[in-house]
Each structure stands twice: as C-alpha cells, then as structure tokens.
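Below: one structure, written as structure tokens.
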Amino acid sequence: MVEHCGGSKIDGEFVHTLTLTDIASGWTECVAMRVRNQMLVIEGFEKAAADLPFAMLGVDSDNDSAFMNQSVLDYCKGRGLVQTRSRAYKKNDQAWVEQKNGVVVRRLVGYGRLSGVDARNALAQLYASARLYINFFQPSFKLKSKTRDGARVHKVYLAPATPCDRLLAHDSVEPAIKEKLKAQFNGLDPVRLLQEMRTAQQTLSEFAAHGVRAEAAPAGESDVAVFLAGLSSAWKEGEARPPHRKQPKAKHWWRSRVDPFADAWPIIEGWLIAEPSVPVNVLMDRLAAMFPEAYASRAQLRTLQRRVKAWRAERVKELILGGLRKSADAPAEV
Numbered sequence: 101m102v103e104h105c106g107g108s109k110i111d112g113e114f115v116h117t118l119t120l121t122d123i124a125s126g127w128t129e130c131v132a133m134r135v136r137n138q139m140l141v142i143e144g145f146e147k148a149a150a151d152l153p154f155a156m157l158g159v160d161s162d163n164d165s166a167f168m169n170q171s172v173l174d175y176c177k178g179r180g181l182v183q184t185r186s187r188a189y190k191k192n193d194q195a196w197v198e199q200k201n202g203v204v205v206r207r208l209v210g211y212g213r214l215s216g217v218d219a220r221n222a223l224a225q226l227y228a229s230a231r232l233y234i235n236f237f238q239p240s241f242k243l244k245s246k247t248r249d250g251a252r253v254h255k256v257y258l259a260p261a262t263p264c265d266r267l268l269a270h271d272s273v274e275p276a277i278k279e280k281l282k283a284q285f286n287g288l289d290p291v292r293l294l295q296e297m298r299t300a301q302q303t304l305s306e307f308a309a310h311g312v313r314a315e316a317a318p319a320g321e322s323d324v325a326v327f328l329a330g331l332s333s334a335w336k337e338g339e340a341r342p343p344h345r346k347q348p349k350a351k352h353w354w355r356s357r358v359d360p361f362a363d364a365w366p367i368i369e370g371w372l373i374a375e376p377s378v379p380v381n382v383l384m385d386r387l388a389a390m391f392p393e394a395y396a397s398r399a400q401l402r403t404l405q406r407r408v409k410a411w412r413a414e415r416v417k418e419l420i421l422g423g424l425r426k427s428a429d430a431p432a433e434v
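Each residue of the sequence shown is one higher than the one before, counting from 101 in our numbering.
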C-alpha cells in the first residue's frame, strides 16, 4: 500500500493506493482508496478480482493492520482465498509488490499530497488507463537464475515480455482466457492510452500543488494528433511527468536572525584565549552576570555551544597547519 501524504503525515486524510501483482506473469493492478480502511481494502480486492483476466486464488500481504484483521480474514475465507503474510520485520518478503510500488505508482503519481474525493477519482482515472498500458504494452525482465561466487553475483534474466505475453505463453492459462486477452489487445491504442495517462497526471499535479483542479478543455477529435505533434517539443516546456519528484531547493546558507553574540564575541574570545578549556556553561554564567538584560534567560546556550565548538576546531586547525607551514618555510640546514 502506497501513501500519497506528500512526505509528512499531519493527518490520515490522504489518498492511498492498493497494489496487487501476480508473481508469475507480472500482471499488476492498482486501486485508488480515499483513506486507509480495512473495508476499502476489501472493496479493492473485489475490484482487482473483477479486473484480473484470471482467477485470484490467494492474497499474500505484509503485516499491516489494514490486511491483518478479522474483516479481511472473513472475506478471504468466504471467497475461498488463501491468505498468507510475510515474516515479521522482513520487508523484503514483499519484494515483488514493493518493486511495483516504485516503478509503477511512484513513477506515475509522484510524491505529492493527494486528499479528497476528487483527487481519489482522478487517481482512479489514471490507473484505469495505466493498467492497460502496463499489462499489455510495457515489457519487463524476470530473473531466471542467480549464482554467487564470493562477493560477485551473476544474474541471468529471461527475455523481456509484457504480462500479457507471459499469460499467453503459460500452459496453465485456459484457452478461453487467452482468446479474450488477444481480442482485448487488438482493440487497444497505446498512443491514446499514453495521452489519457498524461492528462490524468496533469490533473493530479494540480491537486498536489493547489488542492483543486483547473477546468479542462473539452476533448476533440484531433487530441491524439496534437499530443503526438507536441512530443518533439515537450522537453522545452518542462517536466514531461508533472507530479514527479520535485527538484531540491538551494541550501539555506544566509542568516535569518540577528547574531545574539555579535557585541559580546570579542569578550568571549578573550576568555577562550586565556582559558581554552573553560566550560561553555561557565561562559554563559559570566555573560548573564555581565549583561543580565540580554543573557539572563540563558536561551542562547545552545547557540554559544556551537559557536565555541567551531572556534576551538578552527584553533586546532591553525595550530596543526601553522606548524606545518613554519616547517616548510624554514631553510634546510646544510
């Protein structure tokens, strides 16, 4: 389950994504949920089971309380599903679905905060197009073998294939399901799916940035042609995936408040030169006695500790490097 909280969980009112993946084929389903709730998890299982081209036989999840509860257990028993869970504190037991959370959900949706019914509906619209594109047109690798020789690991991968291709090549899949997949594949347009995904991403970007959605222009017959024509110059207009991770801001290096020791620092430095090992608490007491109106509260103690630490480090550097410079400048004896 992926949380679209924007980085800080100030409350639980944000959209979640329930991700389900089939290990054998790589078929992936993503379900948008309004909040994190065990009953919504059950509804997500119902939707995924209806969308899957094959029967869902079981559920293997982590130890999240949204999955490990009586409601989900009763649902699995009632539907004949085998429910299993990962080992405690073994997050990598769910490596397949965690990988899909990164390469599918985070790549498509990004890391912004999404909350509200409208944002959930927009996310569901994105997944409706993305599931078809990913499962029918996006190939992926599967690990065939892995051997370890000391510290070196040698991995061999199968030829890349889409989840649909793996289902068509699997002997256990019924012929009727294969025919249905072929018919569905022939009726899909990958360019139109990409256009729908990009439009949904733009909508989610507006929700993440402003919490509201701008009015979209009505769709026309030439939308696909305009979309294709704009691909060659899309890089000039900014990020192709608007809700992707934001670029880091410049480091805040400038001072944002007045230096509390600007006037008293010459006195403090004189004390440090006379007594290099004097405790900072003693220095703070001296300042409070000398300037009670400024330092009686001792609120600047931590700032003074950092300042004295930096001063002492600089003095040590001068002593070491200064001795080396003098040795280098001294004439060699003959």
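All residues carry an ideal CB built from backbone N, CA and C; glycine is no exception. Remember, predicted model here, so these are calculated numbers, not experimental data.
Check: Coarse secondary structure for V203, derived from DSSP in three states; Outcome: helix
Check: Distance between M297 and A317 (C-alpha atoms, nearest Å); Outcome: Low per-residue confidence applies at A317: pLDDT is 48, beneath 50, and the placement is therefore not dependable, though the value from the model is reported in the following sentence. The straight-line gap from Cα to Cα measures roughly 16 Å.
Check: Classification of M101 by the beta-carbon crowding that lies within 10 angstroms, buried from 16 upward; Outcome: buried
Check: L120 versus C105, A166, K190, E198, residue with shortest Cα-Cα distance; Outcome: E198
Check: Validate contact between the segment 179-194 and the segment 202-215 using beta carbons, cut 8 Å, 3 pairs; Outcome: no
Check: Contact belief for Y118 with V141 at Cβ below 8 Å, rounded distance in angstroms; Outcome: Checking the displayed sequence, the identity of residue 118 turns out to be Leu instead of Tyr. That pair is a contact at about 6 Å.
Check: V434, DSSP secondary structure in three states; Outcome: Residue placement at V434 cannot be trusted, given a pLDDT of 46 that sits under 50; what the coordinates show is reported in the next sentence. Coil at V434, not helix or strand.
Check: F307 to E418 span [Cα, whole Å]; Outcome: 54 Å
Check: Helix, strand or coil at G158 [DSSP, three-state]; Outcome: strand
Check: Anticipated Cβ contact below 8 Å, S125 with R266, distance rounded; Outcome: 4 Å
Check: Touch test, the segment 280-298 against the segment 127-141, Cβ-Cβ under 8 Å, three pairs minimum; Outcome: no
Check: Per-residue burial, I373 [other beta carbons within 10 Å of its own, 16 or more giving buried]; Outcome: exposed
Check: Cα-Cα separation, N163 to P263; Outcome: 27 Å
Check: A166 versus Q183: straight-line alpha-carbon distance, rounded; Outcome: 13 Å
Check: Through-space distance from F391 to P412, alpha-carbon basis; Outcome: For clarity, residue 412 is Arg in the given sequence; the question names Pro instead. Distance between the alpha carbons of R412 and F391: 24 Å.
Check: Same chain, Cβ closer than 7 Å to D260, five either side skipped, listed in chain order; Outcome: Here residue 260 is Pro; the residue named in the question, Asp, does not match the sequence. The residues are P239, S240, F241.
Check: Paired residues, beta bridge with Y257 - DSSP; Outcome: L243
Check: Residue environment, L223, which counts as buried when at least 16 other CB atoms sit within 10 Å; Outcome: buried
Check: Proximity below 8 Å, CB of V205 to CB of C105; Outcome: no
Check: Which of helix, strand or coil DSSP assigns to H104; Outcome: coil
Check: Euclidean distance between Cα positions of N286 and I277; Outcome: 14 Å
Check: Bridge-paired residues (DSSP) for D249; Outcome: R252
Check: First and last residue of the uninterrupted alpha helix (DSSP H) at R179; Outcome: 170-179
Check: Length of the line joining the Cα atoms of S397 and L387; Outcome: 11 Å
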